[in-house]
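One structure is given below, encoded as structure tokens.
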Amino acid sequence: MERRDGGGAAGEDGAWWRSAVVYQIYPRSFADSDGDGIGDLDGITSRLDHLAELGVDVLWLSPVYPSPQADNGYDISDYQDVDPLFGDLAAFDRLLAAVHGRGMRLVMDLVVNHTSDRHPWFRESRDPASPKRSWYWWRPPRGAAGPGAARPHDAEPNNWGSFFSGPAWTYDGASGAYYLHLFAPGQPDLNWEEPEMRQAVYAMMRWWLERGVDGFRMDVVNLISKDPALPDGPLRGDGPYGDGSPFYLCGPRVHEYLQEMHREVFARHPGRLLTVGEMPGVTVEQARLFTDPARAEVDMVFQFEHVSLDHGPGGKFDPKPLRLTELKASLARWQQGLADTGWNSLYWNNHDQPRTVSRFGDDRPAHRVRSATMLATVLHLHRGTPYVYQGEELGMTNAPFASIEDFRDIESLNHYAQALAAGQDPERVLHGLRAMGRDNARTPMQWDASPGAGFSTGTPWIAVNPNHTTVNAADARRDPGSVYHHYRRLIDLRHREPAVVHGDFTPLLPEDERVYAFTRRHRGTTLLVLGNFTGEHVPVDLPPHWRTAELVLGNLPEPGAPAVLEPWEARVHRITEEEDAR
Numbered sequence: 001m002e003r004r005d006g007g008g009a010a011g012e013d014g015a016w017w018r019s020a021v022v023y024q025i026y027p028r029s030f031a032d033s034d035g036d037g038i039g040d041l042d043g044i045t046s047r048l049d050h051l052a053e054l055g056v057d058v059l060w061l062s063p064v065y066p067s068p069q070a071d072n073g074y075d076i077s078d079y080q081d082v083d084p085l086f087g088d089l090a091a092f093d094r095l096l097a098a099v100h101g102r103g104m105r106l107v108m109d110l111v112v113n114h115t116s117d118r119h120p121w122f123r124e125s126r127d128p129a130s131p132k133r134s135w136y137w138w139r140p141p142r143g144a145a146g147p148g149a150a151r152p153h154d155a156e157p158n159n160w161g162s163f164f165s166g167p168a169w170t171y172d173g174a175s176g177a178y179y180l181h182l183f184a185p186g187q188p189d190l191n192w193e194e195p196e197m198r199q200a201v202y203a204m205m206r207w208w209l210e211r212g213v214d215g216f217r218m219d220v221v222n223l224i225s226k227d228p229a230l231p232d233g234p235l236r237g238d239g240p241y242g243d244g245s246p247f248y249l250c251g252p253r254v255h256e257y258l259q260e261m262h263r264e265v266f267a268r269h270p271g272r273l274l275t276v277g278e279m280p281g282v283t284v285e286q287a288r289l290f291t292d293p294a295r296a297e298v299d300m301v302f303q304f305e306h307v308s309l310d311h312g313p314g315g316k317f318d319p320k321p322l323r324l325t326e327l328k329a330s331l332a333r334w335q336q337g338l339a340d341t342g343w344n345s346l347y348w349n350n351h352d353q354p355r356t357v358s359r360f361g362d363d364r365p366a367h368r369v370r371s372a373t374m375l376a377t378v379l380h381l382h383r384g385t386p387y388v389y390q391g392e393e394l395g396m397t398n399a400p401f402a403s404i405e406d407f408r409d410i411e412s413l414n415h416y417a418q419a420l421a422a423g424q425d426p427e428r429v430l431h432g433l434r435a436m437g438r439d440n441a442r443t444p445m446q447w448d449a450s451p452g453a454g455f456s457t458g459t460p461w462i463a464v465n466p467n468h469t470t471v472n473a474a475d476a477r478r479d480p481g482s483v484y485h486h487y488r489r490l491i492d493l494r495h496r497e498p499a500v501v502h503g504d505f506t507p508l509l510p511e512d513e514r515v516y517a518f519t520r521r522h523r524g525t526t527l528l529v530l531g532n533f534t535g536e537h538v539p540v541d542l543p544p545h546w547r548t549a550e551l552v553l554g555n556l557p558e559p560g561a562p563a564v565l566e567p568w569e570a571r572v573h574r575i576t577e578e579e580d581a582r
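Each residue of the sequence shown is one higher than the one before, counting from 1 in my numbering.
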């Protein structure tokens with residue numbers, strides 16, 4: 001395939017990534033080239049034409065490093081190699097060359113808040129006399145209770161709970177001490193207070209960039225700085241664990257560390273890279289600091305506010321209906337907060353989120369395509385860099401998990417075990433997992449209607465969604481009205497229309513619970529974006545000049561009545577100053 005003019009056109013400030021679209025690949029579920037049921041690098045290479053024709057500029061590759069796979073690769077045991085599950089460095093180099101040959105760029109996922117407990121650094125640190133002891137958070141048992149205490153929290157160095165259920169500390173008999181892990185026990189946290197550890201991380205990052213990688217998506221990077229005192233946190237409701245987040249979310253030295261990383265790594269490649277930090281709990285005000293170009297930290301952040309709005313009183317696995325007014329208010333706050341400083345990342349889906357068409361749309365056959373394309377239109381017309389997660393461009397849906405045996409994700413399995421131990425109803429717990437579990441995003445990519453969905457000739461590591469017989473890439477590419485072709489048109493509009501990239505953002509109808517509406521204005525061009533978040537016909541009161549305005553993009557075969565939005569309809573209208581004057 002002919003090389004495109006790669007990586008997105010340069011923005012008005014020279015930042016190419018402002019007009020780019022990023023596509024996330026979850027390698028174990030994308031394409032399997034050898035029939036072992038697990039996706040791999042050669043499988044990705046074999047499917048690159050699909051992505052080039054979609055029009056995306058950047059591929060973000062979830063971790064492919066060697067790993068025990070306690071958290072599907074987010075537990076890295078060697079930062080400078082490829083796990084045999086996915087291939088080897090030669091396969092990676094072939095993929096990178098093929099990506100660049102198609103005019104796209106490749107961004108690596110990087111996890112430097114923690115490693116695997118099988119990483120050589122951690123294994124060496126288990127020796128109290130090792131120079132690497134200080135590379136991790138080792139602490140003696142608290143008080144005189146010791147690790148065999150009758151109550152579970154009498155011995156841990158503090159009361160923090162893990163994101164994956166249970167305590168954030170595990171006792172290591174060989175060391176006679178506990179180590180900190182904000183996630184799974186197999187994911188010990190690195191101690192960024194240690195300068196030698198930081199330099200080892202920067203050297204590794206430089207190694208990948210010199211190999212040709214075009215940037216990094218950095219996992220939970222706002223957790224890397226902890227309060228060295230590691231104090232107890234306030235108890236979480238009536239649970240046994242404390243909330244340690246005040247002492248590690250955007251911790252005391254996080255800006256210092258990211259600025260050092262920029263000097264040591266990113267500044268050596270001016271204008272070439274994309275850097276994005278995943279930052280749970282980050283606020284708009286904090287994001288302005290992280291993404292201010294003058295501060296030289298990261299280009300953009302992933303925030304979680306908008307994908308937490310449907311979490312109920314019991315958390316993410318206790319979902320509640322989304323209120324559109326809350327979604328609009330949240331996204332508008334981020335649009336306006338980063339309008340003059342910093343930059344937004346735009347996403348509905350990723351490897352940690354359920355499928356958006358099932359979550360915020362209507363995945364029933366009658367409305368799946370329309371609601372998926374409406375959601376895409378509304379998101380992509382905001383100001384920021386859009387991220388498309390694999391299968392999103394097909395309108396892939398949540399999976400019909402029948403029982404806990406169908407799940408694979410450590411977060412879901414741990415939550416189920418803990419909830420049942422606390423006496424919760426198993427079916428109620430499963431209901432929450434089906435709606436919000438991360439495995440929804442991780443079922444195999446649906447390439448065609450064959451038994452393995454074109455993903456693998458073997459038995460997939462997680463079951464293929466049964467609806468792959470009707471929701472798949474082969475059928476979508478043949479259908480001009482498919483979700484796939486709508487994404488192609490959306491991406492093309494971003495590349496062609498400067499108002500999509502650079503325009504200001506003005507929210508409309510903030511109290512309307514059915515219609516999402518806003519304008520984007522840039523140099524005499526104004527775009528009006530309308531999205532109907534319901535399965536009903538909804539009247540919209542448009543000013544006269546908008547009723548006859550050019551329809552740049554829509555998701556209906558033929559335009560409907562100007563003053564009524566059909567179920568799940570999306571429209572993008574455009575006027576210029578000359579037309580407005582008339």
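The C-beta atom is built at its ideal place from N, Cα and C for all residues, glycine as well.
Everything numeric in this text was worked out from a predicted model, so none of it was measured.
Practice task
Counting only the same chain and skipping the five closest in sequence on each side, list residues whose C-beta sits under 6 Å from that of SER130.
Solution key: Taken in chain order, the residues that qualify are GLU124.
Handout entry: Classification of LEU235 by the beta-carbon crowding that lies within 10 angstroms, buried from 16 upward
Key = exposed
Exercise for the section: With DSSP collapsed to three states, give me the class of PHE92. Expected result: helix
Practice task
Count the other C-beta atoms from every protein chain shown that fall within 10 angstroms of the C-beta of GLU278, then say buried if there are 16 or more, exposed otherwise.
Solution key: Under this definition GLU278 is a buried residue.
Problem - Residue environment, ASP117, which counts as buried when at least 16 other CB atoms sit within 10 Å - result: With 16 or more other Cβ atoms within 10 Å, it is buried.
Problem - Contact set for TRP17: own chain, Cβ-Cβ below 7 Å, skip 5 residues either direction - result: GLY8, LEU274, ASP299 and THR385
Exercise for the section: Please check the pair ASN350 and MET396, which I expect to be a contact at CB under 8 Å, by giving their CB distance rounded to whole angstroms. Expected result: The beta-carbon separation of ASN350 and MET396, rounded to 13 Å, does not stay under the 8 Å limit for a contact.
Practice task
Alpha carbon to alpha carbon, how far is TRP192 from TYR257? Give it in angstroms, no decimals.
Solution key: 8 Å
Exercise for the section: Within the same chain, show all residues whose beta-carbon is closer than 7 Å to that of ARG571, passing over the 5 residues directly before and after it, in chain order. Expected result: So the qualifying residues of the chain are LEU530, LEU551 and GLY554.
Practice task
Can you tell me which of the three DSSP states THR170 falls into?
Solution key: strand
Handout entry: Minimum length 3: unbroken beta strand (DSSP E) runs contained in the region 543-578
Key = 550-554 and 570-576
Problem - Alpha carbon of GLU264 to alpha carbon of GLY361, nearest angstrom - result: 44 Å
Problem - LYS320 burial status per 10 Å Cβ neighbour count (16 or more: buried) - result: By the neighbour-count rule (16 or more Cβ atoms within 10 Å), LYS320 is not buried but exposed.
Problem - Close-in-space but distant-in-sequence residues of the same chain around ALA419 (CB under 7 Å, 5 per side omitted) - result: Short of 7 Å from the beta carbon of ALA419, and not among the five residues preceding or following it, lie these beta carbons of its own chain, in chain order: VAL429.
Problem - Own chain partners of ALA584 with C-beta closer than 6 Å, once the 5 adjacent residues on each side are dropped - result: The question about residue 584 has no answer, for the chain in this structure spans 1 to 582.
Exercise for the section: To the nearest angstrom, report how far apart VAL99 and PHE302 are at their CA atoms. Expected result: 24 Å
Handout entry: Supposed close pair ASN467, ASN398 - CB separation, criterion 8 Å
Key = Actually they are not in contact, since the Cβ atoms of ASN467 and ASN398 sit about 10 Å apart, beyond 8 Å.
Practice task
Classify TRP207 as buried or exposed, calling it buried when 16 or more other Cβ atoms lie within 10 Å of its own Cβ.
Solution key: exposed
Practice task
Run through the region 336-377 for me and flag every whole alpha helix (DSSP H) of 4 or more residues, listed as ranges in chain order.
Solution key: 356-359
Practice task
List in chain order: all unbroken alpha helix (DSSP H) runs of 4+ residues lying wholly within the region 208-234.
Solution key: Within the region 208-234, no complete alpha helix (DSSP H) run reaches 4 residues.
Handout entry: The beta strand (DSSP E) enclosing PHE518, as first and last residue numbers
Key = 515-522
Exercise for the section: Jot down the residue ranges of each uninterrupted alpha helix (DSSP H) in the region 374-401, minimum 4 residues, whole runs only, in chain order. Expected result: none
Practice task
Provide the residue span of the alpha helix (DSSP H) that contains TRP121, from first to last.
Solution key: 120-125
Problem - Residues bridged to HIS311 [DSSP beta-bridge criterion] - result: PRO319
Exercise for the section: Quick one: give me the first and last residue of the alpha helix (DSSP H) that GLN424 is part of. Expected result: Counting along the chain, GLN424 falls outside any alpha helix (DSSP H), and DSSP gives it neither H nor E.
Exercise for the section: Decide if HIS537 is buried, meaning its Cβ has at least 16 other Cβ atoms within 10 Å, or exposed. Expected result: Under this definition HIS537 is an exposed residue.
Practice task
With DSSP as the reference, please indicate the residues paired to THR526 in a beta bridge.
Solution key: ARG521 and ILE575
Exercise for the section: Can you say whether VAL357 is buried or exposed, counting buried as having 16 or more other CB atoms within 10 angstroms of its CB? Expected result: buried
Handout entry: Own chain partners of PRO354 with C-beta closer than 6 Å, once the 5 adjacent residues on each side are dropped
Key = ASN398, MET436 and ASN440
Handout entry: Simplified DSSP assignment, three categories, for ALA149
Key = Residue placement at ALA149 is poorly supported in this model, since its pLDDT is 45, which falls under 50; the coordinates still yield a value, given next. Correct three-state label for ALA149: coil.
Handout entry: Burial state of THR45 (16 or more Cβ within 10 Å)
Key = buried
Problem - Candidates THR469, LEU527, ASN72 and GLU569: closest to GLU577 by CA position - result: LEU527
Handout entry: Endpoints, beta strand (DSSP E) assigned at VAL265
Key = Counting along the chain, VAL265 falls outside any beta strand (DSSP E), and DSSP gives it neither H nor E.
Handout entry: Paired residues, beta bridge with ILE491 - DSSP
Key = Its beta-bridge partners do not exist; DSSP assigns none.
Handout entry: Cutoff 8 Å: VAL56 Cβ touching any chain B Cβ
Key = Of the chains in the structure shown, none is chain B; there is only one protein chain.
Handout entry: Proximity winner among ALA453, GLY239, ALA476 and ARG133, relative to PRO120 (alpha-carbon distances)
Key = Closest by alpha carbon: ARG133.
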